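Notes to accompany the following structure.
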Amino acid sequence: MKRKKLAALLMTAVTTVALLGGCGGNADNSSGAKESSSTEESSGENGISSEIDMEEEPYTVAIQVVVLPGVEFAGTEDREEAINAITVPAINCKVDIQEVAISEVNTKTSMGVASGEKLDLLHVGTITPLSSMVGSDILYDMNEDNLIQNRGQKIVELFGELLEAGNVGGRQLAVPAGVFNASAKGINYNKTIADEIGLTIPEKITFDELDEILAKVHEARPDIKAFYSGNGQSVLLQWMQPFETFGQLCSYGVVLDPEHNMKVENMFATDMYKDYALRAFHWTQDGIQPGDPTDTNTPQDYFLAQDLFCVTDVMNPSNTVGWHVRVAESGFEMGQAVLVDPMITNSGITEYMWGIASNSERPDKAMDFLNFLYSNGEVANILKYGLEGANYDFAEGSDKVVVPNGTYDPIFYVGGDTRAMYISSPAGEDFVDQLQAMADESTVSKLCAYMFDDSEFQTESSVIYSTILEYVPRISCGMCKSEEETLALLDEFNEALEAAGINDVIAANQEQLDAFLANQ
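Using the numbering used here, read the sequence shown as starting at 1407 and increasing by one per residue.
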């Protein structure tokens, strides 16, 4: 696939969405049933048939809906019943909504597949990137028996060559969840506090300027956390610097400058990370961050409680709307500052994906539901917003914009045709236009369709990841007593990574990447 072709597709895929899913938030259940009926009449080409058996007992598809830790939403059965009323007559399946905390999705998924628990549609990405799941036997190959070709026609039409982001060595292990994949990166900050202390923050800042901002916040408001690394088990630098990452916590290396240099490197051995390690040390020493990896609270917890000035995050209209709703409920105004310009990247596309569990009893029915999710805005709306009256009402004078009441907010759920779904207040009816505008202004990474196959490195992968979890919290939380001790710990960390086999994994990643680029 040529890069120009991919770039054009990325920029115009959302136009295709309008043709596939209807318009606005006015989903038509009858149209969804009609489309499924036509699917019944078609015949599959090799492998799994494209026909849906409407006479068998409806199969219940278990779908993961990922939420914040400690959150439990009432009314799950009501949402399931509302969806079943649509899907049973259309595609002969029901739904089992499995709400999973973001902090537990990795463990619950891997253990659930290993133990044979009821799983069908899996949340892929966010905490566990696809590149670290390729060789784990967790994901079903959607190309098996031409499953996606025969039962996922809408997904194939909608995403086209973007599906390559989830294709590894001919195996379609996942598909994109989001129709719009452009995002910037930076910080969401408490603008109310910034205004109170007379701090004006530009819309675009550098990493050095962030450092200065944090120092000023701490000086004016030492009673709150200016910054927070949480338990340290994440590489927050990827929200503050532009680079492409592979594997969980950069365990398979990074490409620092994908526009000009395709060298795969060990992130933790770079000057960029050394600089970050020293900054984190000073942030803790100066009281800017607490530096306690045993703290189990999330940055979101502290931010919404107004005990934290800023959080790092991806930035796009969808994410921003959700944040504005939550901070308004918490009684303050939010601002944003961009550190990384809008881009369409492999990591952005794969941040939210859907996969089918390798132990799914009926991959064909899982695909039926996933395909229908992107064909029927009503089902997507229920999973995203809940039920009218119970979880939201329409904004005055609109049949597209909904006003959530705070009873249902699965912030990590991404799914469905955005143009065929409702819009959440405070966004207006120009919301999709905003998404399109960000896509139009974004640069497109050359690595959008590349995925490292880690099948031959499962042992190394486990050891490398364990090593990262051993050292990164101490570095991110600035736990050393001096700069010299910090640098010594960083050297020890990289020696441990090399002993774990990171150089071999990076070399294999480089070899696969070079072969990929040679075919473009």
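Even glycine gets a Cβ: it sits at the ideal position worked out from N, Cα and C.
The model shown is predicted, which means the values in this text are computed figures rather than measured ones.
Beta-carbon proximity check, residue i vs residue j, cutoff 7 angstroms
i, j, result
"residue 1810", "residue 1828", "no"
"residue 1777", "residue 1571", "no"
"residue 1857", "residue 1657", "no"
"residue 1471", "residue 1486", "no"
"residue 1633", "residue 1620", "yes"
"residue 1705", "residue 1636", "yes"
"residue 1544", "residue 1519", "yes"
"residue 1381", "residue 1754", "With the chain covering only 1407 through 1926, there is no way to say anything about residue 1381."
"residue 1592", "residue 1678", "no"
"residue 1524", "residue 1580", "no"
"residue 1675", "residue 1900", "yes"
"residue 1785", "residue 1554", "no"
"residue 1788", "residue 1728", "no"
"residue 1456", "residue 1556", "yes"
"residue 1898", "residue 1684", "no"
"residue 1860", "residue 1867", "yes"
"residue 1458", "residue 1492", "no"
"residue 1719", "residue 1594", "yes"
"residue 1586", "residue 1845", "yes"
"residue 1465", "residue 1768", "yes"
"residue 1583", "residue 1834", "no"
"residue 1533", "residue 1511", "yes"
"residue 1780", "residue 1823", "yes"
"residue 1513", "residue 1528", "no"
"residue 1551", "residue 1766", "no"
Residue i, DSSP secondary structure in three states
i, result
"residue 1466", "strand"
"residue 1856", "coil"
"residue 1565", "helix"
"residue 1427", "Confidence at residue 1427 is low in this model, with a pLDDT of 35, below 50, so its placement is unreliable and no value can be given for it."
"residue 1923", "helix"
"residue 1910", "helix"
"residue 1605", "coil"
"residue 1882", "helix"
"residue 1799", "strand"
"residue 1577", "strand"
"residue 1557", "helix"
"residue 1788", "helix"
"residue 1794", "strand"
"residue 1759", "strand"
"residue 1519", "helix"
"residue 1397", "With the chain represented from 1407 up to 1926, any question about residue 1397 goes unanswered, as that position is not in the structure."
"residue 1582", "strand"
"residue 1702", "coil"
"residue 1897", "helix"
"residue 1534", "strand"
"residue 1917", "helix"
DSSP beta-bridge partners of residue i
i, result
"residue 1651", "1660"
"residue 1512", "According to DSSP, which records beta bridges pairwise, residue 1512 is partnered with nothing at all."
"residue 1471", "1505"
"residue 1830", "1808"
"residue 1848", "Per DSSP, none; premise fails for residue 1848."
"residue 1670", "1661"
"residue 1460", "Paired residues: none, contrary to the question."
"residue 1524", "DSSP lists no partner for residue 1524."
"residue 1720", "1591"
"residue 1545", "1763"
"residue 1714", "1631"
Residue i: first and last residue of the uninterrupted beta strand (DSSP E) it sits in
i, result
"residue 1527", "1527-1531"
"residue 1750", "1740-1750"
"residue 1592", "1589-1596"
Extent of the continuous alpha helix (DSSP H) to which residue i belongs
i, result
"residue 1728", "1723-1736"
"residue 1686", "1677-1691"
"residue 1615", "1613-1626"
"residue 1494", "1482-1497"
heavy atom of the ligand FAD below 6 angstroms from residue i C-beta
i, result
"residue 1880", "What this structure holds is no ligand at all, so the ligand FAD is not there to describe."
- Is it true that the stretch 1890-1908 meets the stretch 1866-1874, where meeting means three or more beta-carbon pairs spaced less than 8 angstroms apart? yes
- Task: Would you check if the stretch 1558-1577 and the stretch 1875-1890 touch, i.e. whether three or more CB-CB distances between them fall below 8 angstroms?
- Result: no
- Would the stretch 1603-1622 and the stretch 1761-1771 be scored as touching if the rule is three or more Cβ pairs under 8 angstroms? no
- Message: Under 8 angstroms, with one C-beta from each stretch per pair, do the stretch 1646-1663 and the stretch 1741-1750 reach the 3-pair mark?
- Response: yes
- Between the stretch 1834-1846 and the stretch 1732-1741, are three or more C-beta pairs nearer than 8 angstroms? no
- Task: Please confirm if the stretch 1663-1681 is in contact with the stretch 1765-1772, defined as three or more CB-CB distances below 8 angstroms between the two stretches.
- Result: no
- Task: Count the C-beta pairs between the stretch 1685-1695 and the stretch 1623-1633 that are closer than 8 angstroms, then say yes if the count reaches three, no if not.
- Result: yes
- contact_flag[the stretch 1523-1542, the stretch 1481-1495] where n(CB pairs < 8 angstroms) is 3 or more: no
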